[in-house]
Amino acid sequence: MDGIVGFLSMGGYWPFVWPAYGAAALGLGGLLALSIRWLRANEAALARLERERPRRSVARSGPAP
Amino acid sequence: MNGFWLVVGRDLALARRQGGESGLALLFFVLGTVLFPLGIGPETQMLARAGAGLLWIMALLAVLLSLERLFQTDFEDGSLDLLIMAPLAASLTVLAKCLAHWLATGLPMVVTAPLLAIMLAMDPAGLGALTLAMLLATPTLSLIGAIGAALTVGARRGGVLLTLLVLPLYIPVLIFGAGAVEASVAGPGAKGHFMILGALLLMAATLAPPAAAAALRHALE
Amino acid sequence: MLHRFANPARFLRIARWVVPWSASLGLVSGAAGLYLGLAGSPADYQQGDTVRIMYVHVPAAWMALAAYATMALASAVALIWKHPLADLIAKSTAPIGATFTAIALITGALWGQPTWGTWWVWDARLTSVLILLFLYVGYLALWNAFDDPTRAARAAAVLALVGVVNLPIIKFSVDWWNTLHQPASVLKIGGPTIHPAMLTPLLLMALAFLCYFITLLLLRVRGELAARKLRALQAARAEG
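Each protein sequence line maps, in turn, to chains A, B and C.
Take the first sequence: its letters are residues 1255 to 1319, numbered as in this note's numbering.
Take the second sequence: its letters are residues 12 to 232, numbered as in this note's numbering.
Take the third sequence: its letters are residues 0 to 239, numbered as in this note's numbering.
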């Protein structure tokens, strides 16, 4: 128990050490979450649009005019 | 070279006819500086200590204020296309426009700055240094600003954006400009500052016109 | 037209292969670095446990600079060779670099308060990192200021290169300004020699941050590619 409390108190510097790690985790984690959500949204919208609109790749692979 | 002076003359004529656009920047410079003693108090010692920095910051902001119209009006009425397509190299056109901009806004500030410095109780030893430093640095402000103005041509909220882009790039000029005055008042003289300001001017004069010209060409594509 | 799409397709293939590796390497080195940094390394004899802030602060500052270098390099490639992928790489780098810069500043303030007794000093390094943050913000704002993405890409690329020329000048002038204004009494961080017990977690955390950067960069470029294709399809549908 004392070990955990000692660890968490960081030699009395807990108000500085933990917020620093917290800020880093919040910044990196937040950006990661936002990026992944944005990527998913884009890819989902793209997939929806491509389903609605049949692919023209067959027509395109024909001889060029 | 003839085309170069034609562009300078054209821009100066436009600046004169458009109801003193550049006069407004000068007015902003004077008014803003006058506000500071009202805000921080009239004690001459404090004013003398802060004066050089205040004048430099006001000069940066006043130049910034006038930059938005450096290319924007020409872009809107279509003459920018003609200027860039003209036989004169685009970077020389930019250089000419910067020269005209400096003559219309920078030079009046160089002349006014010593008067304001006296009102701010600056040590007389610093007046010469202030004027010389401003003479060396205000063209740099026009040149660096031209890059920002060229990048934001046709942008949404161009003015605010211009501030955000250009002010960080002005930091070296601010540091050495204000430092020149301080060094000549209290220290060993400001020769080094003048040389660095001159080097900054040379660098800006060679690098900024091509960069701004490239930005303008992309803007017009 | 063909080569425009050939490269993104190859890029996507490479990205799909790299992301799981970089993500797992980042997780493993991050976990090891966190354990060693928080529990497995000694406290500094002068700074006590505050030295543990170094393990997030220093890697963040390193990556803030590395991200700017990446952004500028990609911008140069985009301007010189008109490579469309390079624009997207530069654009994707900026928010990550800005986040690293902000983390470096915040953790620096949290480190400065107990060791220097103040949240902020106008120290040369702090000031230039703050300016770096403004450069990132300006770059991002310029991207968002135009309706036409190609126009935005060109303007942003020019700005990134102007920033590269200016960064050393700004750094030099701030250093110079600082030596004039401040007595050089500020405690040197870390010092030239660093104990191996501290160096190991530091390097592990730096590796974790680098892997985070690579992973997130690839994910964001994937997102940009999807967004671009989405715009093209929507435009085609609006026309037809």
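Backbone N, C-alpha and C fix where the C-beta goes; we use that ideal spot for every residue, glycine too.
_My parser needs the alpha helix (DSSP H) runs of 4 or more residues fully inside the region 123-162 of chain C; what are they?_
123-142
*Does the separation of the CB atoms of Gly25 (chain C) and Thr214 (chain C) fall below 8 Å?*
Here the question's residue 25 (chain C) lines up with position 26 in the third sequence. Here the question's residue 214 (chain C) lines up with position 215 in the third sequence. For Gly25 (chain C) and Thr214 (chain C), yes; Cβs fall inside 8 Å.
*Taking all protein chains shown into account, decide if Ser1289 (chain A) is buried (16 or more other Cβ within 10 angstroms of its Cβ) or exposed.*
The count along the first sequence starts at 1 and reaches residue 1289 (chain A) at position 35. Burial call: buried.
*asked:* Using only the alpha-carbon positions, how far apart do Leu1 (chain C) and Ala234 (chain C) sit?
replied: Looking up residue 1 (chain C) in the third sequence gives position 2. Looking up residue 234 (chain C) in the third sequence gives position 235. With a pLDDT of 39 at Leu1 (chain C), under the threshold of 50, the modelled position of this residue cannot be trusted; read the value that follows with caution. Those two C-alpha atoms are separated by around 19 Å.
*Measure how close the beta-carbons of Leu141 (chain C) and Leu176 (chain B) come, nearest whole angstrom, since I'm counting them as under 8 Å.*
Residue mapping note: residue 141 (chain C) aligns to position 142 of the third sequence, counting from 1. Residue mapping note: residue 176 (chain B) aligns to position 165 of the second sequence, counting from 1. At roughly 7 Å, the Cβ-Cβ gap stays under 8 Å, so Leu141 (chain C) and Leu176 (chain B) are in contact.
*Among the residues of its own chain, which have a CB less than 6 Å from the CB of Ala70 (chain B), if the five just before and after it don't count?*
Start at 1 with the first residue of the second sequence, and residue 70 (chain B) comes out as number 59. Cβ within range, chain order: Met120.
*Between Leu216 (chain C) and Ile95 (chain C), is the Cβ-Cβ spacing less than 8 Å?*
Along the third sequence, one-based indexing puts residue 216 (chain C) at 217. Along the third sequence, one-based indexing puts residue 95 (chain C) at 96. Yes; because the gap between Cβ atoms is below 8 Å, this pair is in contact.
*What's the call for Glu232 (chain B), buried or exposed, on a 16-neighbour Cβ count within 10 Å?*
Locating residue 232 (chain B) in the second sequence gives position 221, counting from the first residue. Label assigned to Glu232 (chain B): exposed.
*Can you tell me which of the three DSSP states Asp134 (chain B) falls into?*
Translated into positions along the second sequence, residue 134 (chain B) becomes position 123. Residue state, collapsed to three classes: coil.
*Answer with yes or no whether the minimum CB distance from Gly190 (chain B) to chain F is below 8 Å.*
Checking the listed chains, one finds no chain F in this structure; the protein chains it contains are A, B and C.
*Roughly how many angstroms separate the alpha carbons of Val18 (chain C) and Leu218 (chain C), rounded to a whole number?*
As a working mapping, residue 18 (chain C) is identified with position 19 in the third sequence. As a working mapping, residue 218 (chain C) is identified with position 219 in the third sequence. Distance between the alpha carbons of Val18 (chain C) and Leu218 (chain C): 8 Å.
*asked:* Does the CB of Ala152 (chain C) have a neighbour CB from chain A at under 8 Å?
replied: On the third sequence, residue 152 (chain C) is found 153 positions in, with the first residue counted as 1. No, its Cβ sits nowhere closer than 8 Å to a Cβ of chain A.
*Given a threshold of 16 other Cβ atoms within 10 Å of its Cβ, counted over all protein chains shown, does Thr114 (chain C) qualify as buried or as exposed?*
If you number the third sequence from 1, residue 114 (chain C) lands on position 115. Label assigned to Thr114 (chain C): buried.
_Minimum length 4: unbroken alpha helix (DSSP H) runs contained in the region 126-195 of chain B_ = 135-162
*If I'm right that Ala148 (chain B) touches Gly188 (chain B) with Cβ under 8 Å, what's the distance once you round it to whole angstroms?*
Against the second sequence, residue 148 (chain B) aligns to sequence position 137. Against the second sequence, residue 188 (chain B) aligns to sequence position 177. Rounded, the Cβ-Cβ distance is 5 Å, consistent with contact.
*For the alpha helix (DSSP H) that contains Gly111 (chain C), what are its first and last residues?*
Here residue 111 (chain C) refers to the residue found at position 112 of the third sequence. Its alpha helix (DSSP H) spans residues Pro83 to Trp115.
*Identify, in the order they occur along the chain, each residue of the same chain with its Cβ nearer than 7 Å to the Cβ of Arg9 (chain C), setting aside the five sequence neighbours on each side.*
The residue labelled residue 9 (chain C) in the question sits at position 10 within the third sequence. Taken in chain order, the list of residues that qualify is empty.
*Just how far apart, CA to CA, sit Leu99 (chain B) and Leu106 (chain B)?*
Against the second sequence, residue 99 (chain B) aligns to sequence position 88. Against the second sequence, residue 106 (chain B) aligns to sequence position 95. Rounded to the nearest angstrom, the two C-alpha atoms are 11 Å apart.
*For Ala14 (chain C), count neighbouring C-beta atoms within 10 Å of its own C-beta (all shown protein chains included) and say buried if the count is 16 or more, exposed if not.*
Residue mapping note: residue 14 (chain C) aligns to position 15 of the third sequence, counting from 1. Looking at its Cβ environment, which holds 16 or more other Cβ atoms inside 10 Å, Ala14 (chain C) is buried.
*Anyone know if the C-beta pair for Leu233 (chain B) and Leu185 (chain B) falls short of 8 Å?*
This structure leaves residue 233 (chain B) out entirely; chain B is present only between 12 and 232.
*So, is Met96 (chain B) buried or exposed, given that buried needs 16 or more other C-beta atoms within 10 angstroms?*
Taking the first residue of the second sequence as 1, we reach residue 96 (chain B) at position 85. Exposed, by the Cβ-count rule.
*The alpha helix (DSSP H) enclosing Glu54 (chain B), as first and last residue numbers*: For the purposes of this step, residue 54 (chain B) is taken as the residue at position 43 of the second sequence. That residue, Glu54 (chain B), is in no alpha helix (DSSP H); it is neither H nor E in DSSP.
*At which residues does the alpha helix (DSSP H) containing Ala42 (chain C) begin and terminate?*
Mapped onto the third sequence, residue 42 (chain C) falls at position 43. Careful: Ala42 (chain C) lies outside any alpha helix (DSSP H) and carries neither H nor E.
*Take Gly137 (chain C) and list the residues in its own chain whose beta-carbon comes closer than 8 Å to its own, dropping the five residues that flank it on each side.*
Indexing the third sequence from 1 puts residue 137 (chain C) at position 138. Closer than 8 Å at Cβ, skipping near neighbours: Leu158.
_Rounded C-alpha distance that separates Arg12 (chain C) from Arg80 (chain B)_ = For the purposes of this step, residue 12 (chain C) is identified with residue 13 of the third sequence, where counting begins at 1. For the purposes of this step, residue 80 (chain B) is identified with residue 69 of the second sequence, where counting begins at 1. Straight-line Cα distance between these residues: approximately 47 Å.
*Limits of the alpha helix (DSSP H) - the one that His204 (chain B) falls within*: Here residue 204 (chain B) refers to the residue found at position 193 of the second sequence. Note, His204 (chain B): alpha helix (DSSP H), Lys202 to Leu231.
*Gly1283 (chain A) - DSSP class collapsed to helix/strand/coil*: Stepping through the first sequence from its first residue, residue 1283 (chain A) is reached at position 29. It is helical.
*asked:* Let me check understanding here. Comparing Cα to Cα, which of C:Pro195, C:Ala38, C:Thr92 and C:Thr49 lies closest to Met62 (chain C)?
replied: Residue 62 (chain C) sits at position 63 when you count from the first residue of the third sequence. Nearest option by C-alpha distance: C:Thr92.
*Which of helix, strand or coil does DSSP assign to Gly64 (chain B)?*
Taking the first residue of the second sequence as 1, we reach residue 64 (chain B) at position 53. Looking at Gly64 (chain B) - three-state DSSP - the assignment turns out to be helix.
*Mind checking whether Ala73 (chain B) and Phe40 (chain B) have CB atoms under 8 Å apart?*
Taking the first residue of the second sequence as position 1, residue 73 (chain B) is located at position 62. Taking the first residue of the second sequence as position 1, residue 40 (chain B) is located at position 29. Contact: yes.
*So Leu1282 (chain A) packs on Thr98 (chain C), CB below 8 Å; how close in whole Å?*
For this step, residue 1282 (chain A) is matched to residue 28 along the first sequence. For this step, residue 98 (chain C) is matched to residue 99 along the third sequence. That pair is a contact at about 7 Å.
*CA-CA distance, Phe4 (chain C) and Gly50 (chain B)?*
Within the third sequence, residue 4 (chain C) is the residue found at index 5, counting from 1. Within the second sequence, residue 50 (chain B) is the residue found at index 39, counting from 1. Confidence in Phe4 (chain C) is poor, its pLDDT being 45 and thus under 50, which makes the residue's placement too unreliable to answer from.
*Taking the CB atoms as reference points, tell me whether Leu94 (chain B) and Thr104 (chain B) lie closer together than 8 Å.*
One-based indexing of the second sequence puts residue 94 (chain B) at position 83. One-based indexing of the second sequence puts residue 104 (chain B) at position 93. Cβ distance < 8 Å, so Leu94 (chain B) and Thr104 (chain B) count as in contact.
*For His194 (chain C), the first and last residue of its enclosing alpha helix (DSSP H)*: In the third sequence, residue 194 (chain C) corresponds to position 195, counting from 1. Premise fails: His194 (chain C) is in no alpha helix (DSSP H) and is neither H nor E.
*Does DSSP classify Gly89 (chain B) as helix, strand or coil?*
As a first step, residue 89 (chain B) must be located in the second sequence, where it is residue number 78. Correct three-state label for Gly89 (chain B): coil.
*asked:* I'd like to check one pair, Trp121 (chain C) with Gly111 (chain C): are the Cβ atoms closer than 8 Å?
replied: In the third sequence, residue 111 (chain C) corresponds to position 112, counting from 1. In the third sequence, residue 121 (chain C) corresponds to position 122, counting from 1. No, they are not a contact pair.
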